[in-house]
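See below for the structure under consideration.
2 protein chains.
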Amino acid sequence: MSELAAEAEKLDAIDELARVRSQFVLDGVVYLDGNSLGALPVGVPGRVEDVVRRQWGELRIRSWDESGWWTAPERIGDRIAPLVGAAAGQIVVGDSTSVNVFKALVAAVRMAGEGRDEIVVDATTFPTDGYIAESAARMTGCTLRPVAPAEVRGTLGERTAAVLLNHVDYRTGRLHDLPALTAAVHAAGAVVVWDLCHSAGALPVGLDEHGVDLAVGCTYKYLNGGPGSPAYLYVRRELQGRFDSPLPGWNSHAEPFGMRSEYEPAAGALRGRVGTPDILSMLALEAALDVWDGDGEGEGVSIGAVRAKSLALTDFFLECVGAYVPAGRVESVTPVAHAERGSQVALRCEGAGDVMKRLIERGVVGDFRHPDVLRFGFTPLYVGFGDVERAARVLGASLEEQ
Amino acid sequence: MSELAAEAEKLDAIDELARVRSQFVLDGVVYLDGNSLGALPVGVPGRVEDVVRRQWGELRIRSWDESGWWTAPERIGDRIAPLVGAAAGQIVVGDSTSVNVFKALVAAVRMAGEGRDEIVVDATTFPTDGYIAESAARMTGCTLRPVAPAEVRGTLGERTAAVLLNHVDYRTGRLHDLPALTAAVHAAGAVVVWDLCHSAGALPVGLDEHGVDLAVGCTYKYLNGGPGSPAYLYVRRELQGRFDSPLPGWNSHAEPFGMRSEYEPAAGALRGRVGTPDILSMLALEAALDVWDGDGEGEGVSIGAVRAKSLALTDFFLECVGAYVPAGRVESVTPVAHAERGSQVALRCEGAGDVMKRLIERGVVGDFRHPDVLRFGFTPLYVGFGDVERAARVLGASLEEQ
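Protein sequences, first through last, are from chains A and B. full-length UniProt numbering puts the first residue of the first sequence at 1, with every later residue one more than the last. full-length UniProt numbering puts the first residue of the second sequence at 1, with every later residue one more than the last.
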């Protein structure tokens, strides 16, 4: 056994989260793509079957009340809340991330005072955020200013209405300084919207603590909600009364079954709802969130423990890559500093698309991101140090043979 | 056996759609709420289980290609197309009806020429359409003009940009004249958006034939897609190049995985997509649509046969109500003329909320609609004439006792 393999064994033996792995359906594959689609939690299939066969098939329409369908968006929002450092009553689940970015950004502009007519957006953002921000700007009479994250502070001013930022960059894995950037946006008198897609469930976010205004995120990455599972919207409690949605569907009405022709928004986070919630996907997500509560015997999973393991995994991966991969064949574009690193490692590599294909054939599943990035995501709930060592070893061997 | 019960038996015996009932999970209940939540098709649970356990659990990320997840919105749109009289390539599935109303209405205003700054909306519409229309008007600089359907023609003029209409009124069950109203909107030079929630799957719509511009609809009523299953958006082929979405998410990009910072809309109906599709709910819907293809032995279900049975069911229900219900206790607000009737019967009734509770206790499930309406929906795929006779009989008995 190599030194690194022995090290991996030691690290796995003392890993307090190793017990959580049994709550996921996994096979011999090293799955480092949980930041694209989280693995299936074992509790989900049974729950979905119950929702389909009994709740829909037998109770039918009664389930809107009796099975808690109607209140699912806010109930499941409250399950996500502790994972992103939010008190209850501030998150609703529903719609896609793109749709929630639109809601949040338009509402943010409307919260900003008169004379503020610029939306600042992270120019390196996941593209959909930029496209939606452009539409939000167009529809609110604002100008869109895409800038590199490092230039955000210098761009803020009296005209800034809203700022849309990514907590973790989807390509490089860089973690942005949410507390400092939030404070800077507030100092400029503007409203901040954070996209948590690549951080929620992988590291502490601290929405309440840092005074974040609005946030959105998907649930199919580190929250393991399943393919295309609904996204969520956070609206800080003090701002809820001023949350003026561009998508005021009947689910956000103060009295949805009053069927009133005049719109009157509901109080609280409910105001972020739009249309009828997508129950199958939503309740699959609810079951997936059970893994955070522990296995019934052990205690719940703390996001602090997840973060500690995540950093240990990415540190160890970089160490193994250094040892196994021929010099000069890959270059990490993920920051070395812990404070700047999310839960992934992105390696620039010539022919990355083909290299990733070969890795997948050999049971190491990561992601290729245009044009030359090998992206490896580390979900601390089910990835172990042995997986990490194997992934780096297979990568090294693949590149040797080339 | 009463005369009407004997008549029901005769009608059931010659019902060519009676064979389809076995494709649904039903019990002793008379289910007349399929216009709120369609019953569970028998093929759905197995399909959902496969999607969860194999496609998600085993193939994981590979399923986006290998299991056809990525192309599901347009593939399933093409399955809905023949049911609403549309050729392939004009419908995408995804998001809620409310979100699709927003997309359609904003896009409609943008298609309308300069100087057109009014949105006309059916004032008796399902409330969410009105709320969303108000938002669309506000965000496009238009004025919203809510008018009774009968007044739509007189309201149209040079300033009309877009008109949002319901094919069937959710409360009264009135069927509006889609061909004539579409022609009137076109004669005024405006763009029409039809909401098909209460007609698709219950009667012929003829989108292509009548030159409809844009249409939206849900899939959980007469299409039986399951609770909160995704809605759909129709964009007539000739208008697709001018469809300018207010929600230009990355799924609607010409090259979604190019991760380009500049937005370039995809060609065709794809342009109506937004974010990552909700796979569990979407593939449950796909399985639910199998019932229209026949049982593998018999031939497919024609929407013409569905309409014929629907009218026979509602006619027979009105006849049975006339016979069984004490005079003066209920008043139908659903039009008698076939050309003006959808697939439901709405009865105004004092204390309708309590009456419906008692009916449900006795195994007849309909809906109560504020303030005084008993709503009964007839899904020809699984409701029989015996059900209809029993529902009216139980209603009569309940009102007698009161």
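Don't be surprised by glycine CBs; every beta carbon is placed ideally from N, CA and C. A quick note: this is a predicted structure, and the numbers were derived from the prediction, not measured.
- Nearest to Asp122 (chain B) by C-alpha distance, out of B:Arg53, B:Asp195 and B:Ala188, is B:Asp195.
- At a Cβ-Cβ threshold of 8 Å, Ala392 (chain A) and Glu74 (chain A) do not count as neighbours.
- Along the stretch 297-359 of chain B, the alpha helix (DSSP H) occurs as fully enclosed runs of 4 or more residues at 303-324, listed in sequence order.
- In the displayed model, Ala266 (chain A) falls within coil according to three-state DSSP, outside both helix and strand.
- Across the stretch 251-262 of chain A, CB contacts with chain B closer than 9 Å involve Asn251, Ser252, His253, Pro256, Phe257, Gly258, Met259, Arg260, Ser261 and Glu262, in sequence order along the chain.
- The three-state secondary structure of Asp367 (chain B), taken from DSSP, is strand.
- Counting only Cβ-Cβ distances below 9 Å, Thr97 (chain B) has contacts in chain A at Gly249, Gly275 and Thr276, in chain order.
- In the structure shown, Glu49 (chain B) adopts helical secondary structure according to DSSP, grouped into three states.
- Of all residues in the stretch 368-392 of chain B, the ones placed with a Cβ closer than 8 Å to any Cβ belonging to chain A are Arg369 and His370, in chain order.
- Where Gly77 (chain B) is concerned, the enclosing alpha helix (DSSP H) starts and stops at Ala72 to Ile80.
- Annotation for Leu37 (chain A): no beta strand (DSSP E) segment contains it, and DSSP assigns it neither H nor E.
- In the DSSP assignment, Tyr234 (chain A) falls within the beta strand (DSSP E) that extends over Tyr232 to Val235.
- Comparing alpha-carbon positions, the option among B:Leu165, B:Val185 and B:Ile132 lying closest to Arg153 (chain B) turns out to be B:Val185.
- Between Gly363 (chain B) and Phe376 (chain B), the gap from beta carbon to beta carbon reaches 8 Å or more.
- Separation of the CB atoms of Leu165 (chain B) and Pro149 (chain B) is rounded to 7 Å, and the pair is thereby assigned contact status at 8 Å.
- For the stretch 213-231 of chain B, residues whose beta-carbon sits nearer than 9 Å to a beta-carbon of chain A comprise Cys218, Tyr220, Gly226, Pro227, Gly228, Ser229, Pro230 and Ala231.
- When CB distances to chain B are screened at a threshold of 9 Å, the residues of the stretch 43-58 of chain A falling below it are Val44, Pro45, Val48, Glu49, Val51, Val52, Arg53, Gln55, Trp56, Gly57 and Glu58, in chain order.
- About 6 Å separates the CB atoms of Val20 (chain B) and Val291 (chain B); that is less than 8 Å, so the two are in contact.
- Contacts between Asp33 (chain A) and chain B, judged by CB atoms closer than 9 Å, involve Arg60 and Ile61 in chain order.
- For Tyr131 (chain A), the secondary structure class from DSSP, reduced to helix, strand or coil, is helix.
- For Pro149 (chain A), the closest Cβ of chain B is not nearer than 8 Å.
- For Ala5 (chain B), no beta strand (DSSP E) run applies; the uninterrupted alpha helix (DSSP H) run containing it begins and ends at Glu3 to Ala13, by DSSP.
- Within chain B, the residues placing a beta-carbon under 7 Å from that of Leu37 (chain A) are Arg60 and Ile61, ordered along the chain.
- Scanning A:Gln23, A:Leu214 and A:Gly328 for the CA closest to the CA of Met111 (chain A) turns up A:Leu214.
- Within 9 Å of the CB of Leu280 (chain A), the CB atoms of chain B belong to Val48, Gly226, Pro227, Gly228, Ser229, Asp278, Leu280, Ser281 and Ala284, in sequence order along the chain.
- Under the three-state reduction of DSSP, Gly377 (chain B) is assigned to strand.
- For the beta strand (DSSP E) assignment, the uninterrupted runs of no fewer than 3 residues enclosed by the stretch 84-122 of chain A are, from N- to C-terminal side, 91-93 and 118-122.
- Counting along the chain, the unbroken alpha helix (DSSP H) around Leu399 (chain A) starts and ends at Phe385 to Glu401.
- Chain-ordered, the chain B residues with CB closer than 7 Å to the CB of Thr128 (chain A) read Gly249, Trp250 and Gly275.
- Where Trp64 (chain A) is concerned, the enclosing alpha helix (DSSP H) starts and stops at Ser63 to Glu66.
- The beta carbon of Tyr131 (chain B) sits closer than 8 Å to some beta carbon of chain A.
- The alpha-carbon separation between Val163 (chain A) and Thr124 (chain A) amounts to approximately 14 Å.
- Here DSSP, grouped into helix, strand and coil, assigns Asn224 (chain B) to coil.
- For Trp70 (chain A), the nearest beta carbon of chain B is not closer than 8 Å to its own beta carbon.
- If you draw a 10 Å sphere on the C-beta of Gly113 (chain B), you find fewer than 16 other C-beta atoms in it, and that means exposed.
- Val20 (chain A) is outside the set of residues whose beta carbon lies under 8 Å from a beta carbon in chain B.
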